[in-house]
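Numbering (my numbering), first residue to last: 4 to 211.
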Amino acid sequence: MKLNVLKLDGSKPSQIKADESVFGIKPNEPVIRQAVLAELTNLRQGTHSTKNRASVAGGGRKPWRQKGRGVARAGTIRSPLWRGGGRVFGPEPHSYNKKLSKKLSKLARKSVLSSKIANNEIVIVEKFQIDSHKTSNFVSLLKNLGIHKKKLTVLISDLDKKIEWSTQNLRYVYIVNASKASTYDLLDCEILLMDKDSLLVLTTMLKV
């Protein structure tokens, strides 16, 4: 399959051949969902914590004698029934890590890319060449490509400080290295913007 490659001014100078095993498969939505849930779950720190009756300070002395007062018996003021007492079965620190096989991870990303291609949600340019780190320069580039004000994920093959700085004030633009892009990164955007080098990185990484 062939995809259009635009110049930064928005014209169509050429086409590039894309691997159908990466960009032309039938999207597997259940696998996409499984991958996204695993990725988002793995972002959780799992540091939440509460104190049970053994962890709360104090409460070592029996508050009153066992019998003769006409009230319910009590052995500690840190009982979960009391105000200031410990919590029963409260959250404790633990890992939320979910493992996803490499095969499923690749299939999920290929499914997202294929879906984006089918819906014309991928824009490919020759190469990102920005002379200045000013935000206005990158905004002008997006206007030339007809994707201004759309939620974007921009894939780059190499770290470019000018691109990174020029997009810091644009809340709708997310920059990520093509070799490190997750399923969620590829999915969570209206338009996926990349250059030819990023396309080759994705193809090499995900090709069967």
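Cβ atoms here follow ideal geometry from the backbone N, Cα and C, with glycine treated the same way.
It should be emphasised that the depicted structure is a prediction, and the values quoted were computed from it without experimental measurement.
Do you know offhand how far residue i's Cα is from residue j's?
{"i": "GLY88", "j": "TRP67", "result": "17 angstroms"}
{"i": "ALA121", "j": "LYS20", "result": "15 angstroms"}
{"i": "LYS65", "j": "VAL91", "result": "20 angstroms"}
{"i": "THR79", "j": "GLY63", "result": "6 angstroms"}
{"i": "ILE133", "j": "LYS165", "result": "7 angstroms"}
{"i": "GLY73", "j": "SER58", "result": "30 angstroms"}
{"i": "ARG76", "j": "HIS51", "result": "33 angstroms"}
{"i": "TRP168", "j": "TYR175", "result": "14 angstroms"}
{"i": "GLY61", "j": "SER82", "result": "11 angstroms"}
{"i": "ASN140", "j": "ILE150", "result": "14 angstroms"}
{"i": "ASP163", "j": "LEU144", "result": "16 angstroms"}
{"i": "ARG112", "j": "VAL142", "result": "28 angstroms"}
{"i": "HIS136", "j": "TYR177", "result": "16 angstroms"}
{"i": "ASN31", "j": "LYS146", "result": "33 angstroms"}
{"i": "PHE131", "j": "LYS183", "result": "18 angstroms"}
Looking only at C-alpha atoms, which of the options sits nearest to residue i?
{"i": "THR207", "options": "LEU9, PRO16 and GLU23", "result": "GLU23"}
{"i": "LYS109", "options": "VAL142, LYS164, LEU205 and VAL8", "result": "LEU205"}
{"i": "GLN48", "options": "LYS70, ILE80 and HIS97", "result": "HIS97"}
{"i": "PRO33", "options": "ALA57, GLN18, SER114 and ARG86", "result": "SER114"}
{"i": "ASP191", "options": "ASP198, VAL179 and LYS199", "result": "VAL179"}
{"i": "TYR187", "options": "ASP163, LYS119, ILE28 and GLU95", "result": "LYS119"}
{"i": "ALA181", "options": "THR138, THR170 and ASP198", "result": "ASP198"}
Would you mind giving the Cβ-Cβ distance between residue i and residue j, rounded to the nearest angstrom? I have them listed as a contact below 8 angstroms.
{"i": "ASN55", "j": "ASN100", "result": "24 angstroms between Cβ atoms; not a contact."}
{"i": "THR156", "j": "LEU189", "result": "7 angstroms"}
{"i": "LEU158", "j": "SER201", "result": "4 angstroms"}
{"i": "LYS152", "j": "ILE194", "result": "Between ILE194 and LYS152 the Cβ distance is about 11 angstroms, and since that is not below 8 angstroms, they are no contact."}
{"i": "LYS29", "j": "GLN18", "result": "The pair is not a contact, with the Cβ atoms about 23 angstroms apart (cut-off 8 angstroms)."}
Excluding five sequence neighbours on each side, which residues of the same chain lie with their C-beta closer than 8 angstroms to the C-beta of residue i?
{"i": "LEU148", "result": "LEU9, LEU11, GLY13, VAL126, VAL128 and LEU196"}
{"i": "PRO16", "result": "VAL8, LEU9, LYS10 and GLU129"}
{"i": "ALA41", "result": "LYS101, LYS102 and LEU103"}
{"i": "ASN172", "result": "THR138"}
{"i": "LEU107", "result": "VAL34, GLN37 and ALA38"}
{"i": "LEU43", "result": "TYR187"}
{"i": "LYS210", "result": "ASP22, SER24 and VAL25"}
Would residue i pass as an interface residue toward chain B - the criterion being a Cβ-Cβ separation below 8 angstroms?
{"i": "ILE120", "result": "Here there is only one protein chain, and chain B is not present."}
With a threshold of 6 angstroms on Cβ separation, who are the neighbours of residue i within its own chain once the five nearest residues in sequence on each side are excluded?
{"i": "LEU116", "result": "PHE26"}
{"i": "SER160", "result": "ALA181, ASP200, SER201 and VAL204"}
Apart from the five residues on each side of it in sequence, which residues of its chain come closer than 7 angstroms, Cβ to Cβ, to residue i?
{"i": "GLU124", "result": "GLU193, ILE194 and LEU195"}
{"i": "GLY93", "result": "THR53 and ASN55"}
{"i": "GLN69", "result": "ARG76"}
Review point. Which full runs of the alpha helix (DSSP H) of 4+ residues lie inside the segment 155 to 201, going along the chain?
Key: 164 to 169 and 186 to 190
Review point. Which runs of the alpha helix (DSSP H), 4 residues or longer, sit entirely within the segment 16 to 57?
Key: 23 to 26 and 32 to 45
Practice item. Go through the segment 55 to 137 residue by residue and report every complete run of the beta strand (DSSP E) that reaches 3 residues or more, in order. Key: 125 to 128
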